[in-house]
Each structure stands twice: as C-alpha cells, then as structure tokens.
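Novice: The structure is given below, and queries will be raised subsequently.
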Amino acid sequence: MRTPTPLTVESLTKVYGEVTALRDVSFTAQPGRVTGFLGPNGAGKTSTLRILLGLNRPTAGRALIDDQRYRDLDAPLRRVGGSLSSDVFHPGRSGRDHLLTLALASGIERARVDAVLTQVGLADAGRRRVGGYSLGMRQRLGLAAALLGDPDALVLDEPINGLDPDGIRWMRGLLRALADEGRTVLLSSHVLSEVQQTVDDVVVIRHGRIVFDGTLDALEAGTARVRVDAADRAALQDALTRAGATVEPGPSGLTVLGLDAARTGEVARDAGIALTHLSDEGDGLESVFLALTADEAASTGAAAEGSAA
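Numbering-wise (full-length UniProt numbering), the sequence shown opens with residue 1 and increments by one.
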C-alpha cells in the first residue's frame, strides 16, 4: 500500500539578481492524482520543481514532500523520484550503468535496475551507450531513474518532450497507472494539449504567478459558450439566469456562458420553452489556456528561467 505523499508549495518566491522568477507561488499536488504544472517556457515551472527537489534554495516560502523538505527526507529516492532534464547522463556510459550507479549510491537493490528498464521499454537498449540514445530514449531513461526507488511521488519536467506519438500514448498510460496506484504525479508542460488526456488537476503559472489552480473539469467548464434562441427570448433568458448561467443578449439570440449545450437545452425544456436555435460555440480548452498565459514571451522571467535550468 502506498504512503500518501502530497507535494506542497507554500508562498514560494525566488529572486535571481534583479529578476523575480517566482512570486508567492502556492499549490498542492495530491496523492492518487496527476497534476499538470503548465505554463509557457520561462514562466517559472523549472525553478519551482528544482526547489521542490532541493536543487535550488527559495528566497522565501518552502516546498515540501509530505511536510518535509527534500534534504530532510530519509532515503529520498524511495519517497520521491525526479526527472528534470534529459541531458544529465554521461554519453559514454550505458543506460544500465547509469541506473546501477544510482542504485548502489542509494542502497537500492540491483534487481530494480533491470525492472525499471523493462518498465520504461529500454530492456533491449539498456547496455547501449547513452550517447547513442534519441531524445525520446533519454526521456525514458530519466523516468527509469525517477522510478528506481519505487517512490510514492514523481516530479517530472516536460516528460513528453521528444516522444513520438506512440511514446506519448505510452507515457500517458504509464503516468495514469502510477497515479492509480496511489502515487502523487506532478508533471510540467508548456503545451496543454499534450497532457490534457492525462491530468486530473491543473496549475497554470504565468510571469512567476499562479493564474489557475483547480481540476481539469473546472478549467474545461470555463470554455462553455452556447448560442441559443427562442420565440420567447425574455423567458429563455430568465430561465437560464436562474440556472446559474451568464446570459448576453445579441441581435441573433442569446450567448450563454457557464452551461454547455446539453444543459442549456435541458433548462429550456424544463421551462417549457421551444428553442429555435442551439449551438455549441465554446472557444476550446487550448484557447482558454493561451488566454491565461498570454504575453509570456515578453516576461523578463523567461531569462531567469533559462539561467536556472
């Protein structure tokens, strides 16, 4: 049985010289769920994850693994596994030797090396030198290293980057399975569509600040936009408003925010109103994400993120 291991970031601030990369960042990744930490390159994702794994010190605030700092954990690789870069491997060493070195240094049984190589699909490539690995293979090796201690939590920075479509599908399935075992999975990405089918919860960061923290369902709910009309437009507007929707009248009907097309039709039916038009005109989840993170390229935080990686 897994030990519930939440990953908690509390009022985290990080300053690099004259640049503030993180500003009062707070969120929690819960056990048994996949949390997507999303934002454009330079938004502050890697800085946050490095602090969580004890690689950087915060200017203020704290990052905790089950209420402990990484440096205070006993046998940390058995509590949390991390993969923040695909470029940390010695090119002349085999993937298996890299993992074996980590295992010996951490008191992890040698049998775990072959087990995780098989788990990530590198059993046949384990004895090859990492210098000959593709980016996708290095991503798999990084995940194998993160899984080496059979940890209760995983922290992964852009784990889908470099994978082909089959690899992306495989990664989604594996991460989902790991969370279903009760592990906490926190992964970063700068593209929502890459992780949309995997995550339960979403944390969006922009200019070093959290701009959304909630479930994927809650984020998707914000995309609902329905065009509707009826002969008795006033009665329809009243019924929809009472159902909790925001209704904007227009020359060609009503625009409904906050209810999807199916629910809008149900409200009209229950009120005895015959509709003359009903269409779903949602902006789409990716559009909402892009709106939350707009203008990030102009942020000076991008320079700080690059220097911290």
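Each residue gets a CB set at the ideal place from its N, CA and C atoms; glycine is no exception.
(1) Rounded to the nearest angstrom, what separates A63 and A177 at their Cα positions?
(2) What three-state label does DSSP hand A291 in the structure shown?
(3) Under 8 Å, do T35 and G208 count as touching if we go by C-beta distance?
(4) Where does Y133 fall in DSSP's three states?
(5) Measuring alpha carbon to alpha carbon, tell me which of M137, L38 and T59 ends up nearest E18.
(6) According to the neighbour-count rule (16 or more other Cβ atoms, all chains shown, within 10 Å of its Cβ), is L143 buried or exposed?
(7) Measuring alpha carbon to alpha carbon, tell me which residue in A243, E10, D157 and T276 is nearest R233.
(8) Could you have a look at P165 and say whether DSSP puts it in helix, strand or coil?
(9) If you compare alpha carbons, which of S106, S252, S188 and Q197 is closest to T46?
(10) According to DSSP, V120 sits in a beta bridge with which residue or residues?
(11) Straight-line CA distance for V9 to F37?
(12) Buried or exposed, going by whether 16 or more other CB atoms sit within 10 Å of the CB of T293?
(13) Can you tell me whether R172 is buried or exposed, with buried defined as 16 or more other CB within 10 angstroms of its CB?
(14) Identify, in the order they occur along the chain, each residue of the same chain with its Cβ nearer than 6 Å to the Cβ of Q30, setting aside the five sequence neighbours on each side.
(15) Leaving out five residues on either side along the sequence, give the residues of the same chain with a beta carbon under 6 Å from the beta carbon of G306.
(16) What did DSSP end up calling T264 once you bin it into helix, strand or coil?
(17) Measure how close the beta-carbons of R96 and R127 come, nearest whole angstrom, since I'm counting them as under 8 Å.
(18) Identify, in the order they occur along the chain, each residue of the same chain with its Cβ nearer than 6 Å to the Cβ of I51, setting aside the five sequence neighbours on each side.
(19) Just reading off the beta strand (DSSP E) that G253 is part of, what are its end residues?
(20) Does the distance from the CB of A218 to the CB of I273 come in under 8 Å?
(21) How close, in whole Å, do the beta carbons of Q139 and P165 come, if the pair is a contact with beta carbons under 8 Å?
(22) Suppose you measure from the CA of A297 to the CA of P40; what does that come to, to the nearest Å?
(23) Helix, strand or coil for V195? Go by DSSP, reduced to three states.
(24) Would you tell me roughly how many angstroms separate the C-alpha atoms of L84 and A245, rounded to the nearest one?
(25) Would the segment 148-155 count as touching the segment 70-82 if we require 3 or more Cβ pairs under 8 Å?
(26) Does the separation of the CB atoms of L122 and M137 fall below 8 Å?
Specialist: On the basis of the supplied data:
(1) For the purposes of this step, residue 63 is taken as the residue at position 63 of the sequence shown. For the purposes of this step, residue 177 is taken as the residue at position 177 of the sequence shown. Just so you know, the alpha carbons of A63 and A177 end up roughly 25 Å apart.
(2) Your numbering for residue 291 matches position 291 in the sequence shown. When DSSP states are grouped into helix, strand and coil, A291 belongs to the helix group.
(3) Residue numbering aside, residue 35 sits at position 35 when the sequence shown is read from its first letter. Residue numbering aside, residue 208 sits at position 208 when the sequence shown is read from its first letter. No, they are not a contact pair.
(4) The residue given as residue 133 occupies position 133 in the sequence shown. It is coil, neither helix nor strand.
(5) For the purposes of this step, residue 18 is identified with residue 18 of the sequence shown, where counting begins at 1. Looking at the Cα atoms, T59 is the closest of the given residues.
(6) Numbered from its first residue, the sequence shown carries residue 143 at position 143. By the neighbour-count rule (16 or more Cβ atoms within 10 Å), L143 is buried.
(7) Within the sequence shown, residue 233 is the residue found at index 233, counting from 1. It is T276.
(8) To locate residue 165, count along the sequence shown from 1; it is residue 165. Looking at P165 - three-state DSSP - the assignment turns out to be helix.
(9) Sequence index remark: in the sequence shown, residue 46 carries index 46 (1-based). Selection S106, S252, S188 and Q197 evaluated against T46 yields S188 as nearest (Cα-Cα).
(10) Taking the first residue of the sequence shown as position 1, residue 120 is located at position 120. None, per the DSSP bridge assignment.
(11) As a position in the sequence shown, residue 9 is number 9, starting the count at 1. As a position in the sequence shown, residue 37 is number 37, starting the count at 1. C-alpha of V9 to C-alpha of F37: approximately 12 Å in a straight line.
(12) As a first step, residue 293 is located in the sequence shown; it is residue number 293 there, counting from the start. Burial check for T293: the Cβ neighbour count within 10 Å reaches 16 or more, so the residue is buried.
(13) On the sequence shown, residue 172 is found 172 positions in, with the first residue counted as 1. By the 10 Å Cβ count, R172 comes out buried.
(14) Position 30 of the sequence shown holds residue 30. P6.
(15) On the sequence shown, residue 306 is found 306 positions in, with the first residue counted as 1. Since pLDDT at G306 reaches only 46, below the 50 mark, its modelled position is unreliable, and the value read off the structure follows with that caveat. Excluding sequence neighbours, G306 sits near nothing in its chain.
(16) By 1-based counting over the sequence shown, the position of residue 264 is 264. Three-state DSSP puts T264 in a helix.
(17) Walking along the sequence shown from the start, residue 96 turns up at place 96. Walking along the sequence shown from the start, residue 127 turns up at place 127. Indeed they touch by this definition, with Cβ atoms about 6 Å apart.
(18) Locating residue 51 in the sequence shown gives position 51, counting from the first residue. Excluding sequence neighbours, I51 sits near P58 and A63.
(19) Counted from its first residue, the sequence shown places residue 253 at position 253. DSSP places G253 inside the beta strand (DSSP E), whose first and last residues are G253 to L257.
(20) The sequence position of residue 218 within the sequence shown is 218, counting from 1. The sequence position of residue 273 within the sequence shown is 273, counting from 1. Result no, Cβ atoms of A218 and I273 do not sit closer than 8 Å.
(21) Indexing the sequence shown from 1 puts residue 139 at position 139. Indexing the sequence shown from 1 puts residue 165 at position 165. The beta-carbon separation of Q139 and P165, rounded to 14 Å, does not stay under the 8 Å limit for a contact.
(22) Counted from its first residue, the sequence shown places residue 297 at position 297. Counted from its first residue, the sequence shown places residue 40 at position 40. In this predicted model, A297 has a pLDDT of only 44, less than 50, meaning its place in the structure is not dependable; the value taken from the coordinates is given anyway. Distance between the alpha carbons of A297 and P40 is about 8 Å.
(23) Within the sequence shown, residue 195 is the residue found at index 195, counting from 1. Three-state DSSP puts V195 in a helix.
(24) Your numbering for residue 84 matches position 84 in the sequence shown. Your numbering for residue 245 matches position 245 in the sequence shown. In a straight line, the C-alpha of L84 is about 42 Å away from that of A245.
(25) Taking 8 Å as the limit for Cβ pairs, the verdict is that the segment 70-82 does touch the segment 148-155.
(26) Position 122 of the sequence shown, counted from the first residue, corresponds to residue 122. Position 137 of the sequence shown, counted from the first residue, corresponds to residue 137. Yes. Within cutoff.
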